[in-house]
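First up is the structure itself, then whatever we jot down about it.
There are 2 protein chains.
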Amino acid sequence: MTSISIIGSGNMAGAIGALALKGGDTVEISARDAAKAASLVRTLGGGATVGTWGAAPAGDIVVLAVLFESAVDVVREYGEALAGKIVVDITNPFSPTATGLAVPHDTSVAQLIAAAAPADTQVVKAFNTLFRDVLASGGPRDVFMAGDSADAKASLAAFITLIGHRPRDVGDLGMAHWLEGASLLEMGLARSGLGFGLSLGVDLGGK
Amino acid sequence: MTSISIIGSGNMAGAIGALALKGGDTVEISARDAAKAASLVRTLGGGATVGTWGAAPAGDIVVLAVLFESAVDVVREYGEALAGKIVVDITNPFSPTATGLAVPHDTSVAQLIAAAAPADTQVVKAFNTLFRDVLASGGPRDVFMAGDSADAKASLAAFITLIGHRPRDVGDLGMAHWLEGASLLEMGLARSGLGFGLSLGVDLGGK
Numbered sequence: 001m002t003s004i005s006i007i008g009s010g011n012m013a014g015a016i017g018a019l020a021l022k023g024g025d026t027v028e029i030s031a032r033d034a035a036k037a038a039s040l041v042r043t044l045g046g047g048a049t050v051g052t053w054g055a056a057p058a059g060d061i062v063v064l065a066v067l068f069e070s071a072v073d074v075v076r077e078y079g080e081a082l083a084g085k086i087v088v089d090i091t092n093p094f095s096p097t098a099t100g101l102a103v104p105h106d107t108s109v110a111q112l113i114a115a116a117a118p119a120d121t122q123v124v125k126a127f128n129t130l131f132r133d134v135l136a137s138g139g140p141r142d143v144f145m146a147g148d149s150a151d152a153k154a155s156l157a158a159f160i161t162l163i164g165h166r167p168r169d170v171g172d173l174g175m176a177h178w179l180e181g182a183s184l185l186e187m188g189l190a191r192s193g194l195g196f197g198l199s200l201g202v203d204l205g206g207k
Numbered sequence: 001m002t003s004i005s006i007i008g009s010g011n012m013a014g015a016i017g018a019l020a021l022k023g024g025d026t027v028e029i030s031a032r033d034a035a036k037a038a039s040l041v042r043t044l045g046g047g048a049t050v051g052t053w054g055a056a057p058a059g060d061i062v063v064l065a066v067l068f069e070s071a072v073d074v075v076r077e078y079g080e081a082l083a084g085k086i087v088v089d090i091t092n093p094f095s096p097t098a099t100g101l102a103v104p105h106d107t108s109v110a111q112l113i114a115a116a117a118p119a120d121t122q123v124v125k126a127f128n129t130l131f132r133d134v135l136a137s138g139g140p141r142d143v144f145m146a147g148d149s150a151d152a153k154a155s156l157a158a159f160i161t162l163i164g165h166r167p168r169d170v171g172d173l174g175m176a177h178w179l180e181g182a183s184l185l186e187m188g189l190a191r192s193g194l195g196f197g198l199s200l201g202v203d204l205g206g207k
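Protein sequences, first through last, are from chains C and G.
Note that UniProt numbering numbers the first sequence so that position 50 is 50, with each residue one more than the last.
Note that UniProt numbering numbers the second sequence so that position 49 is 49, with each residue one more than the last.
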């Protein structure tokens with residue numbers, strides 16, 4: 001049994017927390033509003049605990065499940081409390097119409113987080129191409145990971161497998177930019193009639 | 001039986017031409033070096049013809065199967081000969097290491113082609129996420145399309161279906177930027193151990 005920490009108390013925090021508990025992990029939820037964290041912990045039930053906002057998370061893997069606009073600020077606020085952790089950025093920095101990205105063209109939320117985090121924090125972009133309901137469905141769906149640390153991606157891959165999905169390594173953290181763009185492609189596909197039950201995945205030509 | 005024109009005589013021209021002939025289309029091949037066009041036509045066999053470089057292509061759908069570095073120049077050279085055509089941009093503007101794109105950040109080869117083409121030419125980005133051997137395998141694999149004309153995408157979708165693949169509309173031509181980036185993700189996935197038989201596709205959660 002391993003332990004995962006989630007910063008945030010919204011839909012994605014709830015979906016990942018529920019899957020982790022189902023997989024046998026313990027789950028720690030932290031939110032700026034402790035009452036919201038406590039509420040989500042009650043919803044999740046056994047094995048979930050409330051963590052202290054801004055304090056070192058209990059888990060080695062810390063899922064940052066906050067809005068993209070506040071992600072960098074939250075990491076800065078946690079500061080050294082995230083030293084040595086694997087921080088998983090799941091955000092989609094969509095423009096208001098979800099047709100472009102609201103980050104500079106030569107970076108990504110994940111890279112901005114890495115720049116704001118302690119030097120020995122490993123940032124991995126993942127889960128952003130799974131709509132909440134698709135993630136919650138339990139899969140298996142492909143979960144793309146971009147990060148500079150092979151060890152961090154291996155640890156996260158084990159977690160992704162634990163919760164019933166399929167880890168797919170797309171390369172270093174620079175690829176996070178294109179993963180954020182891949183979500184725009186998914187929005188386009190969904191709007192073209194396929195609906196929001198879709199996700200991008202790897203086709204190995206099995207049939 | 002419809003007719004398709006291919007500008008180019010390389011691997012992708014050969015792969016698309018062979019699939020089109022197999023599907024029952026007629027195929028016209030044009031190349032700056034007419035001898036290379038004639039050679040490919042001989043290889044392809046019955047139903048393939050050599051077109052005149054720079055002259056109006058016979059087909060309504062014109063696949064631009066040239067290197068990305070020369071794509072815009074070729075379209076400019078053809079000029080009004082491409083008026084009213086559906087021009088399909090299949091290029092991948094990879095940087096030398098295939099870790100970034102060799103086009104400005106706010107555009108794509110497809111958009112640069114559209115800017116250089118006659119006003120009533122419809123440009124669609126497609127096929128760029130299929131490695132040559134994957135394309136040639138006959139599928140079905142997902143072929144993503146980005147373009148501003150629903151009619152042009154409908155015509156191209158019929159062609160994609162004819163050659164045994166699966167059309168997937170990702171939205172307007174602005175999405176071509178992210179389709180070009182999607183090929184970088186495929187390179188990353190391939191290098192991470194999955195090999196070059198892969199393609200990105202839509203997972204609708206069927207199982």
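Even for Gly, the Cβ is constructed at its ideal location relative to N, Cα and C.
Would L64 of chain G and V88 of chain G be called neighbours here (beta carbons separated by less than 9 Å)? Going by beta carbons, L64 of chain G and V88 of chain G fall inside the 9 Å limit.
Rounding to the nearest angstrom, what Cα-Cα distance links L198 of chain C and A182 of chain C in this structure? 12 Å
Suppose contacts are defined by Cβ-Cβ distances below 9 Å. Is G139 of chain G in contact with V124 of chain G by that definition? In this structure, V124 of chain G does not lie closer than 9 Å to G139 of chain G by Cβ.
Under the rule that 16 or more other beta-carbon atoms within 10 Å means buried, what is G54 of chain G, buried or exposed? exposed
Could you check what DSSP says for T2 of chain G in three-state terms: helix, strand or coil? Residue state, collapsed to three classes: coil.
Strand pairing of K125 of chain G, partner residues [DSSP]: G:D89 and G:A146
Distance, A154 of chain G Cα to G46 of chain G Cα: 27 Å
Given a cut-off of 9 Å on the beta-carbon distance, is the pair I160 of chain G and A136 of chain G in contact? no
Taking its Cβ as the centre, do 16 or more other Cβ atoms sit within 10 Å of L67 of chain G, making it buried, or is it exposed? exposed
Can you tell which of G:R168, G:D60, G:L204 and G:G51 has its C-alpha closest to the C-alpha of L130 of chain G? G:R168
Residues of the segment 84-102 of chain G whose Cβ lies closer than 8 Å to any Cβ of chain A, in chain order: Absent from the structure: chain A. Protein chains present are C and G.
Sort C:A71, C:G79 and C:K85 by Cα distance to P93 of chain C and report the nearest one. C:A71
Residue interval of the beta strand (DSSP E) (run including T49 of chain G): Boundaries of the beta strand (DSSP E) around T49 of chain G: A48 to V50.
Give the C-beta separation of A13 of chain C and L40 of chain C to the nearest angstrom, bearing in mind that I take them to be a contact with Cβ-Cβ under 8 Å. 6 Å
Any heavy atom of the ligand ATP closer than 8 Å to the beta-carbon of G47 of chain C? Only the bare structure without any ligand can be found here, which leaves the ligand ATP out of the picture.
Give me the residue from C:T97, C:S95, C:H165 and C:D142 with the minimum Cα distance to D203 of chain C. The option with the nearest alpha carbon to D203 of chain C is C:D142.
Could you tell me the alpha carbon to alpha carbon distance between L194 of chain G and A34 of chain C, rounded to whole angstroms? 43 Å
According to the neighbour-count rule (16 or more other Cβ atoms, all chains shown, within 10 Å of its Cβ), is E180 of chain G buried or exposed? buried
Taking only beta-carbon positions, decide if F144 of chain G is within less than 9 Å of chain C. yes
Considering only their Cβ atoms, is the gap separating A58 of chain C from T26 of chain C smaller than 9 Å? yes
Along the segment 28-56 of chain C, where does the CB come closer than 8 Å to a CB of chain G? Name the residues. When C-beta distances to chain G are compared with 8 Å, every residue of the segment 28-56 of chain C stays at or above that value.
Determine whether the Cβ of D151 of chain G lies closer than 9 Å to any Cβ atom of chain C. no
From the DSSP output, in three-state form, read off V72 of chain G for me. helix
Outcome for H165 of chain C when other beta-carbon atoms lying within 10 angstroms are tallied against a minimum of 16: Burial call: buried.
For E77 of chain C, tell me which candidate among C:G100, C:R32 and C:D106 has the shortest Cα-Cα distance. C:R32
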